[in-house]
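K.L.:
The structure's right below; bear with me while I get my questions together.
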Amino acid sequence: MIHTLNHWRRRRPFAAGLLTLLAGLEILLTPIIGVGLIINTGFAGVTGFTLGALLTGLGLLFWLRPAHRAITAILTAIAAWAALLTTNLAGFGIGLILALTGTAAAIAWRPPAPGDANVHSRPA
Amino acid sequence: MMLMSRGQHQAPPSTEPDGFRWRRFALALAVLLMVSAVLGIAMAQGVLATSFAVSGRKMKVSAQRIDGSGYVMYPSLVTSAGGARHPVTVLGIRSGRMRGMCQSAVVPTPLGRYVLRLSSAPGATVPVSDLLVSASHVNADIDYRKLQINRDAASLDAIPGATGNPGQFGLQAARFTVNDVHVGSWAVLSSSMRIPGLRLALGPHEHECF
Numbered sequence: 005m006i007h008t009l010n011h012w013r014r015r016r017p018f019a020a021g022l023l024t025l026l027a028g029l030e031i032l033l034t035p036i037i038g039v040g041l042i043i044n045t046g047f048a049g050v051t052g053f054t055l056g057a058l059l060t061g062l063g064l065l066f067w068l069r070p071a072h073r074a075i076t077a078i079l080t081a082i083a084a085w086a087a088l089l090t091t092n093l094a095g096f097g098i099g100l101i102l103a104l105t106g107t108a109a110a111i112a113w114r115p116p117a118p119g120d121a122n123v124h125s126r127p128a
Numbered sequence: 023m024m025l026m027s028r029g030q031h032q033a034p035p036s037t038e039p040d041g042f043r044w045r046r047f048a049l050a051l052a053v054l055l056m057v058s059a060v061l062g063i064a065m066a067q068g069v070l071a072t073s074f075a076v077s078g079r080k081m082k083v084s085a086q087r088i089d090g091s092g093y094v095m096y097p098s099l100v101t102s103a104g105g106a107r108h109p110v111t112v113l114g115i116r117s118g119r120m121r122g123m124c125q126s127a128v129v130p131t132p133l134g135r136y137v138l139r140l141s142s143a144p145g146a147t148v149p150v151s152d153l154l155v156s157a158s159h160v161n162a163d164i165d166y167r168k169l170q171i172n173r174d175a176a177s178l179d180a181i182p183g184a185t186g187n188p189g190q191f192g193l194q195a196a197r198f199t200v201n202d203v204h205v206g207s208w209a210v211l212s213s214s215m216r217i218p219g220l221r222l223a224l225g226p227h228e229h230e231c232f
């Protein structure tokens, strides 16, 4: 089981997807959690939801379409900067840092070589 | 796992059999953060660059006295989170000192109607710069110096970035003093506001500012 999970993880930019997913959820949830505590900022509600949902989707895309990670990474960075400008500094900076770290992790990730022993299942 | 194999082999990143190129990661992250910093600085300099949806309810802002330099007023629209648009008059102050500052909002809670109030300590002076208030109504005693009324709203230049649409009403004054100001407001923006002795009160029996 663990071996299968590791195997699955190795074949996609796992960290990039996870970080981007968390960034999306954080930006998505900040207005909901913050309601009532902060009054006069009012939150960019609509943009927050849109960009938060977009980042969540991009996080999943890193996992489901590893081959397209370059375009996903570019879109993630753009979504993060759009969130920085329009929604409470992208979830008070946490979402921004998560999404940009995810972008960098996708850029740094490389699929395992076809001949790599780690790629092909072998008895543990 | 990844880290362990890297440590054992001590191979240069380019010949790593698989996985994660740490130097590339650090470089990419540095570039991305630098771009973010540039965006952040650009945003901090333009007063109006940070647009936000206002909450669905108005707040009250009041002050005993405000004086300072650079005053503008022009009509505008704000959009609340639900998409509703509200006509407002934007009141802008380039730099000034406020005394007896108070902001309050009614917050509906599951426990009933609560009032949230932010106020400065009595007698304390609150310095503000690039303050913009999106007001629905204003009551105040105002003393303007070097006043221009019905100047084109797009040509107002007392506050960088605080201009209305071409052809609309605008008002600008070089200096001003305001006493006993009561404002019904949709939003307050400020590039800096230092509030000594800020008091935050939240409760069902708290008073609104006026």
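Same order as they appear, the protein sequences are chains A and B.
Each residue of the first sequence is one higher than the one before, starting from 5 at the first, in our numbering.
Each residue of the second sequence is one higher than the one before, starting from 23 at the first, in our numbering.
Quick reminder that beta carbons are idealized off the backbone N, C-alpha and C, glycines included.
1) Taking only three categories from DSSP, how would you classify S58 of chain B?
2) What span of residues does the alpha helix (DSSP H) with N10 of chain A cover, start to end?
3) What number of angstroms, rounded off, separates the C-alpha of S117 of chain B from the C-alpha of T80 of chain A?
4) List the DSSP bridge partners of C124 of chain B.
5) Taking 8 angstroms as the threshold, find out whether the stretch 152 to 162 of chain B comes into contact with the stretch 124 to 141 of chain B through three or more Cβ pairs.
6) With burial defined as no fewer than 16 other Cβ atoms inside 10 Å of the residue's Cβ, what is the status of R16 of chain A: buried or exposed?
7) Can we say the stretch 92 to 104 of chain B touches the stretch 212 to 223 of chain B, given the rule of at least three CB pairs closer than 8 angstroms?
8) Name the chain B residues whose beta carbon is nearer than 8 angstroms to that of I111 of chain A?
9) How is R197 of chain B classed by DSSP in three states: helix, strand or coil?
10) Give the straight-line distance between the Cα atoms of W1 of chain A and F18 of chain A, rounded to the nearest whole angstrom.
11) Can you check whether the CB of Y93 of chain B is closer than 9 angstroms to the CB of F198 of chain B?
12) Can you say whether W12 of chain A is buried or exposed, counting buried as having 16 or more other CB atoms within 10 angstroms of its CB?
13) Taking A87 of chain A as part of the alpha helix (DSSP H), name the residues at either end of that continuous run.
14) Can you have a look at F47 of chain A and say buried or exposed, based on whether 16 or more other CB atoms are within 10 angstroms of its CB?
P.N.:
This is what the structure holds:
1) helix
2) I6 to R14
3) 39 angstroms
4) B:S84 and B:S141
5) no
6) buried
7) no
8) R46, F47 and A50
9) strand
10) Absent from the model: residue 1 of chain A. The displayed extent of chain A is 5 to 128, so no value can be given.
11) yes
12) exposed
13) R73 to T90
14) At F47 of chain A the pLDDT is 42, less than 50, meaning the model places this residue with poor confidence; the figure from the coordinates comes in the next sentence. The residue in question, F47 of chain A, is buried, as its Cβ has 16 or more Cβ neighbours within 10 Å.
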